[in-house]
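To convert, count from 1 in the sequence shown and add 5; that's the numbering used here.
Glycine included, C-beta positions come from ideal geometry on N, C-alpha and C.
Just so we're clear, the structure is a prediction, and the values are computed from it rather than from any experiment.
In what follows, a single structure is set out as structure tokens and then discussed.
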Amino acid sequence: DDASNDGTKEIVQAYAQSYPNRVRAVLQKENQYSKHVSVLYNYLLPIAKGKYFAICEGDDYWIDPYKLQKQYDYMESHPTCTLCVHNAIKVDRKDTFVANYTTTRISREIPCKRVVQSGGGFCVTNSIFAPLKLLKARPKYMKNNAFDYVLQTYLASCGTVYCFKERMSA
């Protein structure tokens, strides 16, 4: 929680209490995003554990209960894959459907060249699933808050990219 005042802190704490071996609450006293500080790189990444990471920022949510399992299964069976994403939907502040976000119409591998040429709009950030070791070993040019475009390009350049046609996040 990045010092929000909408009850998020209490929700995060409840999950951490209910699932102490899986969820760890990381709470801020003042909003870091407004200070242009990357919560991911400065607070979450240093304490992250496990084989993979997935991103779901405060204004996003996952709509497929098997999203992480599907991406995990794909990555486990395709060890050269370093970026696994999916299609998504866009909703407004009232959770009303606005548009589809389509990276691909069929589930398939995507050439790295397409990721680079997208200019940062290759996929929605909350669809990203990738090896944690790559983010922890990221190059120096990514140390200063480099995010969407640079992250997507870096991960794509480390191996193969796969996109599920299913819409698994909003």
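Secondary structure remark: continuous beta strand (DSSP E) runs of at least 3 residues inside the stretch 75-142, in chain order: 86-96, 102-106, 113-115 and 134-136. Contact between the stretch 132-140 and the stretch 110-123 is absent, with fewer than three C-beta pairs closer than 8 Å. At a cut-off of 3 residues, the continuous stretches assigned as beta strand (DSSP E) that sit fully inside the stretch 14-86 are 57-59.
Within the DSSP bridge table, the entry for residue 152 names no partner. Going by beta carbons, residue 7 and residue 36 fall inside the 7 Å limit.
For residue 174, the secondary structure class from DSSP, reduced to helix, strand or coil, is strand.
Looking at the DSSP output, residue 168 bridges to 90 and 113.
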